[in-house]
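Step one of this worksheet: look at the structure below.
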């Protein structure tokens, strides 16, 4: 018999909700989390301080502090929380999860697995993006949440999306020296998105929040340039300036730190390693695991919750987690289908409400063609192995027809990140060169271990009795 009823991977909004829900129905639950405390990226360090009396006026804002109630409920649940645990493999038959904790490798069996690994920022491979002084907007936000750190020197933000606006506003409140806000969203995108406004108005105040952030940036006194293109980071030993096109003219802003952002994408490394079915989301240019309304994937016993199944935002992720937790409880006999359906009603309504704004956001912040498929031949695509656009194109011309063949030709995607940072861009560049769709070109074949694992830990692997290490 499996040691556990449920293992949940990830303790962000979806993982916390799924685990709390499953545990509330008497299931034996373990949560594996790489972070030292629950919250995920969106609610990082949520337990480290007391919510302010005026959350709206706080640097991080009311939406961030709303995560405290999720963390409190998670802490109160009867479950086994394992922070600082890095999952390196999952076996499907029998279902088991391998993780590394304090240098020790463990393989635990489970009746059900809930994947709640969330999303990460889409890489923005512009010329010069590997220079010191350049990071993602989300990376800067992580530092702000962790200990209140803000970038030193002159800061420039570039790209598009709600997170870019949010980080700009937070850094302004924190006192950062922001010298420019460059938005790649075009005027045409704004006009096209206007047709999605009726649905967005039903999204429970999300549209109003977005308009408020947009207005605050416009009125802040910070130089704001909308509809920019041709971003290029300038510098010798580190970032010195950003060059861009606006209205047909080339402009430049000097700075010390450049924060880039062009949306977030599902983290599919684990689901790819499990060879689950995936589908291509064309308007947002990313892959996501194919899943049903209750989070079921193409593999029996494996479910997925939150942004790892498609980008919907934190509150929708939490609702998704509750729904998946209810489904697992039903599958394992702790609930009847009728009891599940009744308990699911508020979570279904919450998820639907949050999803109403997605058509507008997807239309407004579709990633620019030059971001997903850089044209400059010298732009680095694979940072780990320093493979640029020109080398990928040359590999295609000499016979490489997909990302997995490209590995043999160039070692692209074979670094420590195992293609997480370059996978989408590689597929786009190859698809364009081959004259095919990204769906035809495909994605890297991800193999275990999906994270670095010391051989000494593997040699001393501790496995449950019903699991035979391969």
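Residue numbers (our numbering): 12 to 481.
By construction, the Cβ of each residue, glycine as well, lies at the ideal position given by its N, Cα and C atoms.
Just so you know, these numbers come straight off a predicted model, no measurement behind them.
Min CB distance residue i to chain D below 8 Å
i: residue 414; result: Although the question refers to chain D, the structure presented lacks it and comprises just one protein chain.
Residue(s) in a DSSP beta bridge with residue i
i: residue 315; result: 126
i: residue 11; result: Nothing in the structure corresponds to residue 11, since the chain is present only between 12 and 481.
i: residue 371; result: Answer by DSSP bridge pairing: none, since residue 371 is not bridged.
i: residue 255; result: 262
i: residue 244; result: 253
i: residue 474; result: 118
i: residue 42; result: 19, 92
i: residue 387; result: Residue 387 pairs with nothing; no bridge assigned.
i: residue 109; result: 100, 118
i: residue 336; result: DSSP lists no partner for residue 336.
i: residue 347; result: Note: residue 347 sits in no beta bridge, so no partner.
i: residue 398; result: 393
i: residue 300; result: 289
Counted within 10 angstroms of its Cβ, other Cβ atoms place residue i as buried (16 or more) or exposed
i: residue 201; result: exposed
i: residue 115; result: exposed
i: residue 247; result: exposed
i: residue 208; result: exposed
i: residue 418; result: buried
i: residue 160; result: exposed
i: residue 382; result: buried
i: residue 214; result: buried
i: residue 458; result: exposed
i: residue 463; result: exposed
i: residue 380; result: exposed
Cβ distance (whole Å) where residue i is taken to contact residue j below 8 Å
i: residue 441; j: residue 407; result: 6 Å
i: residue 423; j: residue 398; result: 4 Å
i: residue 25; j: residue 317; result: 3 Å
i: residue 121; j: residue 106; result: 6 Å
i: residue 375; j: residue 204; result: 4 Å
i: residue 268; j: residue 434; result: Between residue 434 and residue 268 the Cβ distance is about 27 Å, and since that is not below 8 Å, they are no contact.
i: residue 250; j: residue 142; result: 5 Å
i: residue 62; j: residue 27; result: Actually they do not touch by this definition, with Cβ atoms about 17 Å apart.
i: residue 127; j: residue 34; result: With a Cβ gap of about 14 Å, residue 127 and residue 34 do not count as contacting.
Sub-8 Å separation of residue i and residue j beta-carbons
i: residue 153; j: residue 52; result: yes
i: residue 305; j: residue 454; result: no
i: residue 125; j: residue 279; result: no
i: residue 90; j: residue 46; result: no
i: residue 132; j: residue 272; result: yes
i: residue 32; j: residue 344; result: no
i: residue 221; j: residue 173; result: yes
i: residue 185; j: residue 270; result: no
i: residue 162; j: residue 151; result: yes
i: residue 302; j: residue 320; result: yes
i: residue 244; j: residue 165; result: no
i: residue 22; j: residue 57; result: no
i: residue 157; j: residue 55; result: yes
i: residue 118; j: residue 469; result: no
i: residue 314; j: residue 39; result: no
i: residue 96; j: residue 155; result: no
Exercise. Are at least three pairs of beta-carbons, each pair with one atom in the region 233-249 and one in the region 325-337, less than 8 Å apart?
Worked result: No contact exists between the region 233-249 and the region 325-337.
Problem set entry | At least three beta-carbon pairs within less than 8 Å, the region 186-196 to the region 255-268 | Enough Cβ pairs lie closer than 8 Å, so yes.
For this session: Tell me, please, whether the region 100-110 touches the region 131-144 by the rule of three or more beta-carbon pairs shorter than 8 Å.
Result: Short answer: they don't touch.
Exercise. Is the region 227-236 close to the region 384-392, with three or more CB pairs under 8 Å?
Worked result: Taking a contact to require three or more Cβ pairs closer than 8 Å, the region 227-236 and the region 384-392 do not qualify as touching.
Exercise. Does the region 356-368 come close enough to the region 403-417 that 3 or more CB-CB pairs lie under 8 Å?
Worked result: Taking a cut-off of 8 Å for Cβ pairs, the region 403-417 and the region 356-368 do not touch, as fewer than three such pairs fall below it.
For this session: Take every Cβ of the region 446-463, pair it with every Cβ of the region 275-291, and state whether three or more of those distances are shorter than 8 Å.
Result: Yes: at least three Cβ pairs fall under 8 Å.
Exercise. For the 8 Å Cβ check, are there 3 or more pairs between the region 349-368 and the region 390-397?
Worked result: No: fewer than three Cβ pairs fall under 8 Å.
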